[in-house]
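K.L.:
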Amino acid sequence: MKIRHFLTIGTVLAASAGAAFAQESAAADDRVVVTINGEDYTANELDLLRRNLPDQYRRQTQNMNNETFVKTLGYLLTLSQRAEDEELMEKEPWKTQLWFNQLNFQAQAYLATINSTLKITEEDKTRYYEEHKDEYSEARVSAIYLDYSPIPELAEKQGKEVVTERDAWEKAENLLVELRNGADFAELAKENSQDAGSAAKGGDLGFFSPDDTGLSQAIKDAIFKLDAGQVSAPVKDGGRYYIFKVTARRPRAYDEVAVDVLRRLQNQMMQTKLEELRQSVEIEFKDPSWVQ
Numbered sequence: 011m012k013i014r015h016f017l018t019i020g021t022v023l024a025a026s027a028g029a030a031f032a033q034e035s036a037a038a039d040d041r042v043v044v045t046i047n048g049e050d051y052t053a054n055e056l057d058l059l060r061r062n063l064p065d066q067y068r069r070q071t072q073n074m075n076n077e078t079f080v081k082t083l084g085y086l087l088t089l090s091q092r093a094e095d096e097e098l099m100e101k102e103p104w105k106t107q108l109w110f111n112q113l114n115f116q117a118q119a120y121l122a123t124i125n126s127t128l129k130i131t132e133e134d135k136t137r138y139y140e141e142h143k144d145e146y147s148e149a150r151v152s153a154i155y156l157d158y159s160p161i162p163e164l165a166e167k168q169g170k171e172v173v174t175e176r177d178a179w180e181k182a183e184n185l186l187v188e189l190r191n192g193a194d195f196a197e198l199a200k201e202n203s204q205d206a207g208s209a210a211k212g213g214d215l216g217f218f219s220p221d222d223t224g225l226s227q228a229i230k231d232a233i234f235k236l237d238a239g240q241v242s243a244p245v246k247d248g249g250r251y252y253i254f255k256v257t258a259r260r261p262r263a264y265d266e267v268a269v270d271v272l273r274r275l276q277n278q279m280m281q282t283k284l285e286e287l288r289q290s291v292e293i294e295f296k297d298p299s300w301v302q
């Protein structure tokens with residue numbers, strides 16, 4: 011009855027528990043440490059259960075002591091047994107929901123198995139890195155910051171200068187015209203940028219990479235499509251306009267990006283296998299009008 015109890019818990023505990031008991035052999039600690047509703051459980055069984063729960067439930071239980079965990083498990087097992095006694099899993103909507111949960115769990119288990127068997131060699135990774143070096147380059151960036159007042163009324167109350175968004179945009183456009191006519195970016199940054207720290211350095215912000223978490227997506231999109239020496243159009247982000255210039259580019263070392271290279275290759279291979287699976291599905295619609 012023990013394994014059957016676990017399996018009826020379904021999405022909460024049991025599927026993972028059943029997998030744990032099926033896949034892992036018992037360790038040395040086979041002491042019976044607790045009895046729940048007349049069923050004995052060893053330390054090893056409970057340890058396997060805790061370690062093989064789905065992520066969301068493992069996070070919920072990882073800080074529980076053994077007593078709290080067993081009480082929670084006992085409560086779930088009791089609820090599960092009551093549901094079984096009343097044959098709830100043979101009634102709708104529970105029957106369909108249990109079927110779908112099992113279907114989804116099995117699909118996820120198979121996908122995890124596929125992912126764990128992907129073979130990617132060091133040669134595969136270094137070749138990918140060489141072929142995509144441009145995507146792993148860092149950009150040295152300079153910027154001109156042009157702030158505006160998102161809420162003019164609030165700025166007035168605080169005694170601050172009111173700069174409308176249109177004012178900031180027009181100034182950015184005028185500066186861009188000057189830059190395209192040959193003006194020196196560093197000089198314009200010193201004279202106009204409203205970020206004092208970078209303005210003093212001619213707008214220089216240092217090097218950034220595409221995975222830098224300190225940059226918004228709008229700024230990344232503007233910066234990383236520029237070659238060295240190019241200037242961006244005005245970029246609106248976070249209550250100001252920016253004009254960016256990429257002053258230099260350099261490749262990141264392979265060791266710095268090896269984890270990302272592996273992740274990309276895994277995703278590529280996984281997508282290929284998933285597409286093969288999709289193509290293998292045999293579906294024949296018998297009533298075209300129903301599809302509409």
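Numbering (the working numbering), first residue to last: 11 to 302.
From the three backbone atoms N, C-alpha and C, an ideal C-beta is built for every residue, glycine too.
1) Specify, as a first and last residue, the run of the alpha helix (DSSP H) that Y251 falls within.
2) Could you tell me if R255 is buried or exposed, where buried requires 16 or more neighbouring beta carbons within 10 angstroms of its beta carbon?
3) Are the beta-carbon atoms belonging to A182 and I253 less than 9 Å from one another?
4) For G169, which of helix, strand or coil comes out of DSSP?
5) Just tell me which of G248, N277, A196 has its CA closest to the CA of T257.
6) Quick one: residues in its chain with C-beta nearer than 7 Å to the C-beta of L275, no 5 flanking neighbours on either side, listed in chain order?
7) What runs of the alpha helix (DSSP H), each 4 residues or longer, lie entirely inside the region 150 to 208?
8) Less than 9 Å between the C-beta atoms of P244 and L284, yes or no?
9) Exposed or buried, Y85, counting other C-beta atoms within 10 Å across all chains shown (16 or more means buried)?
10) Give me, in chain order, the residues of the same chain whose beta-carbon lies closer than 8 Å to that of R259; leave out the 5 immediate sequence neighbours on both sides.
11) Looking at the structure shown, is G216 part of a helix, part of a strand, or coil, going by DSSP?
12) Since T71 is in the alpha helix (DSSP H), which residue starts that stretch and which ends it?
13) Buried or exposed for I161, please, with buried defined as at least 16 other CB atoms from any protein chain shown within 10 angstroms of its CB.
14) Helix, strand or coil, according to DSSP, for D222 in the structure here?
15) Using a Cβ-Cβ cutoff of less than 7 Å, which residues in the same chain neighbour F234 once the five nearest sequence positions on both sides are dropped?
16) According to DSSP, is K105 helix, strand or coil?
17) So is E55 buried or exposed if we call it buried at 16+ other beta carbons inside 10 Å?
18) Report yes if the CB atom of S203 is closer than 9 Å to the CB atom of Y264, and no otherwise.
19) Name the DSSP beta bridge partners of V80, please?
20) Determine whether the beta carbon atoms of A153 and A199 lie at a separation below 9 Å.
21) Name the two residues that bound the continuous alpha helix (DSSP H) containing E286.
22) Roughly how far, in whole angstroms, is the beta-carbon of S242 from the beta-carbon of A232, given that I think they are within contact range, below 8 Å?
23) Where R41 and L58 are concerned, what is the direct C-alpha to C-alpha distance, given to the nearest angstrom?
24) Taking the alpha-carbon positions, what's the R190 to E180 distance?
25) I need the straight-line Cα distance from G169 to D157, nearest angstrom please.
26) Kindly list the residues whose CB is nearer than 6 Å to the CB of Q33, restricted to its own chain and excluding five residues on each side of it in sequence; keep chain order.
27) Measuring alpha carbon to alpha carbon, tell me which of A268, N73, K105 ends up nearest E132.
28) Per DSSP, what are the beta-bridge partners of D50 in this structure?
29) Do Y120 and V80 have their CB atoms nearer than 9 Å?
P.N.:
Put simply:
1) DSSP places Y251 in no alpha helix (DSSP H) but in the uninterrupted beta strand (DSSP E) bounded by 250 to 261.
2) Correcting the residue identity first, residue 255 is Lys in this sequence and not Arg. So K255 counts as buried.
3) Contact flag set, yes.
4) Here G169 sits in coil by DSSP.
5) Considering only alpha carbons, the answer is A196.
6) Around L275: I130, D134, K135, Y138.
7) Whole alpha helix (DSSP H) segments, 4+ residues: 162 to 167, 175 to 190, 195 to 202.
8) No, the Cβ-Cβ distance between P244 and L284 is not below 9 Å.
9) Under a 10 Å Cβ-count criterion, Y85 is classified as exposed, with fewer than 16 other Cβ atoms of the shown protein chains found around its own Cβ.
10) Within the same chain, Cβ atoms closer than 8 Å to the Cβ of R259 are found at S147, E148, A149, R150, D237, A238, the five residues on either side in sequence being excluded.
11) DSSP places G216 in strand when its eight states are reduced to three.
12) 65 to 71 is the extent of the alpha helix (DSSP H) around T71.
13) I161 should be labelled exposed.
14) Here DSSP, grouped into helix, strand and coil, assigns D222 to coil.
15) Result list for F234: A149, P220, in chain order.
16) Helix, per DSSP.
17) E55 counts as buried, since no fewer than 16 other beta carbons sit within 10 angstroms of its beta carbon.
18) Between S203 and Y264, the C-beta spacing is not below 9 Å.
19) Residue pairing by DSSP places V80 opposite no residue, since no beta bridge is assigned to it.
20) With contacts defined as CB atoms closer than 9 Å, A153 and A199 qualify as a contacting pair.
21) Membership of E286 in the alpha helix (DSSP H) is indicated by the continuous run 264 to 290.
22) That pair is a contact at about 5 Å.
23) Taking the straight line from one Cα to the other gives about 14 Å.
24) Their backbone Cα atoms lie some 15 Å apart in a straight line.
25) Distance between the alpha carbons of G169 and D157 is about 16 Å.
26) Below a pLDDT of 50, predicted positions are generally treated as unreliable, and Q33, at 45, falls in that range; the measurement from the model is reported next regardless. Around Q33: no qualifying Cβ.
27) Looking at the Cα atoms, A268 is the closest of the given residues.
28) DSSP lists T45 as the beta-bridge partner residues of D50.
29) No Cβ-Cβ contact shorter than 9 Å links Y120 with V80.
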